[in-house]
Structures are given as C-alpha cells and as structure tokens.
Amino acid sequence: MDKDLYSVLGVGEKATEDEIKKAYRKLARKYHPDANQGDKRAEEKFKEISDAYDILRDPEKRARYDDVRSGRAYFGGGGMPGGGFETPGGGFEGFEDLLSSLFGGGIGRSSRRQTPSGEVEVPFATAALGGRVEATIRLSRSCAVCGGAGGTGEKTCQACKGSGRRTEKRGAFSTMHPCPVCGGRGKVLTSACSSCGGTGRTTSNDRMIVDIPPGSSDGDLLRLRQPDGSSAILRLRVPPDRFFRREGLDIHCTITISAPRAALGTTMMIRTLEGRIKLRIPAGTQPGTVLRVPSRGVPSGGSRGDQFVHVEVSIRPPSGDSERRLWEQLLDHEGRVRRRREAD
Ligand SMILES: [Zn+2]
Ligand SMILES: [Zn+2]
C-alpha cells in the first residue's frame with residue numbers, strides 16, 4: 000500500500016469526514032465483491048478502499064497518517080520510511096507495516112483510545128424508551144492466527160537501539176518522545192503475521208441485534224461485548240424528530256390550534272412516545288400555554304419524565320366573506336357588551 004490513501008478514495012487531503020464517507024460508500028458499492036463475482040482486481044480494490052477508509056474515517060488515525068504522509072513523523076533507518084517489522088534480510092517491509100504498527104496496535108495497544116467500530120441509527124422513540132435495533136457492525140477481533148501479537152519473534156528496535164525513546168534536537172533544547180517504530184517498547188517483531196498483516200486484529204462486518212438502553216442520546220457510545228470477550232464500541236445516531244424534542248427526561252412538542260378552538264376549548268389527539276393520546280385543551284387557552292402530560296417522557300430508574308405540549312394559536316386573516324362576517328359579528332358583539340358596561 001504505497002498508494003496515497005486520499006487518492007485511493009479520490010478525495011483531497013482537506014476532505015471533510017462527510018466527503019470521505021460519501022466517497023467511500025460510492026467506491027465500496029462499485030467494487031463490492033457481491034457486485035463483482037470472482038473479479039480478483041475488484042476484490043483487491045475493495046480491500047484497498049476499506050483499508051484507506053478505516054484510517055481516514057478516524058480523526059486520530061487520520062492525524063497520524065497525515066503526519067506520516069507529510070514526513071513530519073520520524074522513521075528509523077536514516078529517515079527512510081520503514082516498518083515496525085524488519086525482514087530477515089534487514090530491510091524494512093514498508094509503509095503498510097509502518098501504518099499497521101502505528102495504528103493497528105500489535106504495539107502500544109493498551110494506550111490506544113478505543114474508537115467506535117460502527118454507527119447505528121436509532122429512531123427517536125427507541126432511543127428515549129429503549130429497545131432493540133439491528134445493526135451492521137465492523138467488528139475487530141483479536142487475530143486467531145497470532146493470538147493478537149501481530150507476529151512472532153522479537154529483536155531490538157534499530158531505530159532507537161532498544162531505548163524505546165527518540166530524542167529530537169530543537170536548537171539548544173532536546174525533547175524526548177516514545178520511539179514511533181517500536182511504540183516505546185524498544186523491541187520489534189521479527190516477522191509479521193500474514194493473516195492480520197501485523198496488526199494483531201482482524202475485522203469483519205457482522206449483523207447484530209443491539210439492545211438500546213432507555214434514555215439514549217445522539218452520539219452516545221455503547222459498549223458491546225464480543226464473543227471473544229473483547230468489547231466493541233458502537234456510536235448511536237439519533238436523528239431529530241419532527242415533533243418531539245428531548246430536554247433531559249422530558250419531552251417537548253408544539254401544537255398549533257385555531258383561534259376559535261383556543262377560545263372554545265377542544266380535545267386533540269397528540270403523539271406521545273408510545274402512540275397517540277387524547278389531550279384536553281381548556282377554553283381560553285392563550286398562545287404559548289404549556290400543558291403537561293405526566294409520565295410520558297423518558298424512563299429513568301423507576302420514574303419517568305413528562306411530556307410538555309406547547310400550544311400555539313394560529314391567527315390569520317379571514318379566508319372568505321362568510322368567515323369575515325363571523326368575525327365582524329364577534330366584534331360587533333364585543334362592542335355592544337362594552338357600551339352596555341359603560342352605560343351601567
Ligand atoms: Zn495475526
Ligand atoms: Zn524503537
């Protein structure tokens with residue numbers, strides 16, 4: 000993979016997460032093995048695209064890749080881009096392994112922050128009430144062949160001569176960093192596992208039923224236990240609802256009623272998280288009135304939040320002559336009542 004990851008996805012180096020996602024989806028559809036039965040080149044291309052996306056989708060990995068790409072990161076062996084693994088011949092295996100050792104985590108995995116391995120869209124009501132959704136998750140597992148080690152054999156890292164540190168001179172100062180080649184261990188593996196490419200992890204797309212806890216929100220991270228005992232992180236995406244808004248455990252919504260209904264009072268069917276209920280709107284309801292429907296909000300512990308219905312009143316010009324006459328009659332009536340009061 001000496002190819003530039005940005006060119007693999009056909010995006011610029013300043014591409015947004017969204018642009019990268021779009022580009023990936025488009026290419027993945029085109030080169031997906033299902034759509035290219037037995038086409039070896041499409042299969043390779045698909046893998047290349049997936050690998051590139053794996054790194055560029057993750058802001059942390061992408062930042063490190065950008066460093067590598069621009070030459071800001073330091074490599075052992077006289078500045079030559081080299082891998083975390085040295086081949087028996089003594090040369091470096093190349094860029095891909097460098098990326099593997101930087102990102103994949105055979106080395107320094109414990110310090111690696113866990114990043115979501117998938118995203119799942121959860122309907123608004125399911126997020127609020129809890130429930131189950133089906134999700135496709137890119138699961139990362141410990142490699143079965145090397146047991147997660149990423150390879151076999153150990154030898155002293157040549158880049159740092161086994162110290163695990165790298166000293167950088169800046170004028171009169173020098174700063175110390177963990178060696179990027181060995182991740183600060185001072186040792187590198189002598190041969191990379193061919194099954195996982197040295198990353199110690201293999202990935203697959205799995206369909207799963209996911210239990211969503213009540214009171215979940217957009218951006219929440221859900222930890223899933225994988226069959227091998229490790230855990231995967233799933234990010235929840237909860238699209239905004241056209242009617243409901245969440246504020247803590249309470250649900251807010253807005254309804255608009257006509258002026259006569261506001262004056263006379265009415266009943267209306269309104270949406271709650273669990274279907275419709277009948278709501279009584281009292282006579283003389285002012286615009287901006289908030290009606291409380293108890294215990295129709297988000298469950299928490301043994302209790303629940305409430306639903307608050309904000310009532311707007313639509314006041315518009317009469318739609319025709321007969322409607323105009325009705326309003327005029329009301330106005331006349333109002334005038335007569337006032338004059339009678341003044342006369343008394
Ligand atoms: Zn392996
Ligand atoms: Zn080192």
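The numbers in numbering that gives the first Met the number 0 rise by one with no breaks, and the one at position 184 of the sequence shown is 183. We put the CB at the ideal spot given by N, CA and C, even for glycine.
Go ahead and pull the three-state DSSP assignment for residue i.
{"i": "L272", "result": "coil"}
{"i": "R337", "result": "helix"}
{"i": "T125", "result": "helix"}
{"i": "Q328", "result": "helix"}
{"i": "P32", "result": "helix"}
{"i": "P87", "result": "The predicted model places P87 with a pLDDT of 36, which falls under 50 and marks its position as unreliable; any figure quoted below should be read in that light. Residue state, collapsed to three classes: coil."}
{"i": "A62", "result": "helix"}
{"i": "S194", "result": "coil"}
{"i": "E16", "result": "helix"}
{"i": "F102", "result": "With a pLDDT of 42 at F102, under the threshold of 50, the modelled position of that residue is not reliable, and the figure given next carries that caveat. Correct three-state label for F102: helix."}
{"i": "S318", "result": "coil"}
{"i": "V119", "result": "strand"}
{"i": "F45", "result": "helix"}
{"i": "K39", "result": "helix"}
{"i": "L290", "result": "strand"}
{"i": "P281", "result": "coil"}
{"i": "E299", "result": "Contrary to the premise, residue 299 reads as Ser rather than Glu in this sequence. Note: S299 maps to strand in three-state DSSP."}
At the level of alpha carbons, what is the spacing between residue i and residue j?
{"i": "G247", "j": "L128", "result": "13 Å"}
{"i": "G11", "j": "L223", "result": "34 Å"}
{"i": "R339", "j": "E311", "result": "33 Å"}
{"i": "R184", "j": "G170", "result": "27 Å"}
{"i": "Y23", "j": "Q36", "result": "20 Å"}
{"i": "G199", "j": "D50", "result": "15 Å"}
{"i": "E333", "j": "M267", "result": "28 Å"}
{"i": "D249", "j": "G296", "result": "5 Å"}
{"i": "G130", "j": "V292", "result": "23 Å"}
{"i": "G301", "j": "L263", "result": "38 Å"}
{"i": "L98", "j": "I54", "result": "Note that L98 scores 44 on pLDDT, short of 50, meaning its location in the model is unreliable; the coordinates nonetheless yield the value given after this. Approximately 9 Å, taken between the alpha carbons."}
{"i": "P122", "j": "M207", "result": "17 Å"}
{"i": "R236", "j": "F45", "result": "26 Å"}
{"i": "P115", "j": "P239", "result": "21 Å"}
{"i": "E120", "j": "T135", "result": "10 Å"}
{"i": "K21", "j": "P213", "result": "31 Å"}
{"i": "D343", "j": "K277", "result": "44 Å"}
{"i": "S321", "j": "R315", "result": "15 Å"}
{"i": "E153", "j": "R63", "result": "25 Å"}
{"i": "D205", "j": "G218", "result": "21 Å"}
{"i": "E341", "j": "D331", "result": "15 Å"}
{"i": "F242", "j": "L8", "result": "38 Å"}
{"i": "E16", "j": "R40", "result": "27 Å"}
{"i": "A282", "j": "R335", "result": "22 Å"}
{"i": "R275", "j": "G197", "result": "56 Å"}
{"i": "I19", "j": "E59", "result": "15 Å"}
{"i": "Y73", "j": "S173", "result": "With a pLDDT of only 36 at Y73, under 50, the local geometry of the prediction cannot be trusted, and no value is derived from it."}
Since residue i and residue j should fall inside the 8 Å C-beta cutoff, what is the C-beta to C-beta distance between them, to a whole number of angstroms?
{"i": "A231", "j": "S299", "result": "Actually they are not in contact, since the Cβ atoms of A231 and S299 sit about 26 Å apart, beyond 8 Å."}
{"i": "L272", "j": "A124", "result": "5 Å"}
{"i": "C156", "j": "C178", "result": "6 Å"}
{"i": "V180", "j": "C159", "result": "7 Å"}
{"i": "L221", "j": "V209", "result": "7 Å"}
Shortest alpha-carbon distance to residue i belongs to which of the options?
{"i": "D57", "options": "E47, V7, K29, G117", "result": "G117"}
{"i": "R61", "options": "L290, K186, K13, P286", "result": "K13"}
{"i": "A148", "options": "W326, C195, T135, L4", "result": "C195"}
{"i": "D3", "options": "M207, A282, P238, E47", "result": "E47"}
{"i": "A258", "options": "G182, P238, L325", "result": "L325"}
{"i": "S203", "options": "R137, S162, G274", "result": "R137"}
{"i": "E279", "options": "G287, C181, I269", "result": "The sequence shown places Arg at residue 279, rather than the Glu named in the question. Measuring from the Cα of R279, the nearest candidate turns out to be I269."}
{"i": "S162", "options": "K186, S173, F172", "result": "K186"}
Near residue i, which residues of its chain fall below 8 Å by C-beta distance, leaving aside the five closest residues on each side in sequence?
{"i": "R28", "result": "A34"}
{"i": "G175", "result": "At residue 175 the sequence reads Met, which differs from the Gly that was named. Here the set comprises R164, R165, T166, E167."}
{"i": "T151", "result": "C145, L188, T189, S190, C192"}
{"i": "V289", "result": "F307, V308, H309, V310"}
{"i": "S216", "result": "A126, L235, V237, R245"}
{"i": "G287", "result": "H309, V310, E311"}
{"i": "I211", "result": "V121, T125, A126, G129, G130, R131, V132, L221, L235"}
Apart from the five residues on each side of it in sequence, which residues of its chain come closer than 6 Å, Cβ to Cβ, to residue i?
{"i": "L329", "result": "none"}
{"i": "T255", "result": "E311, S313"}
{"i": "D65", "result": "none"}
{"i": "Y5", "result": "E12"}
{"i": "H251", "result": "R244, F307"}
{"i": "E42", "result": "P32"}
{"i": "P317", "result": "R323, W326"}
{"i": "M79", "result": "Confidence in M79 is poor, its pLDDT being 31 and thus under 50, which makes the residue's placement unreliable; the coordinate value appears in the next sentence. Nothing meets the Cβ criterion."}
{"i": "L26", "result": "I48"}
Once the 5 residues before and after residue i are set aside, which same chain residues still bring their CB inside 7 Å of it?
{"i": "A261", "result": "T284, V312"}
{"i": "S294", "result": "R303, D305"}
{"i": "T265", "result": "I256, I280"}
{"i": "H31", "result": "F45"}
Q: Under 5 Å from any heavy atom of ligand 3, by CB: list those residues in chain order, please.
A: This structure lacks ligand 3; the ligands present are ligand 1 and ligand 2.
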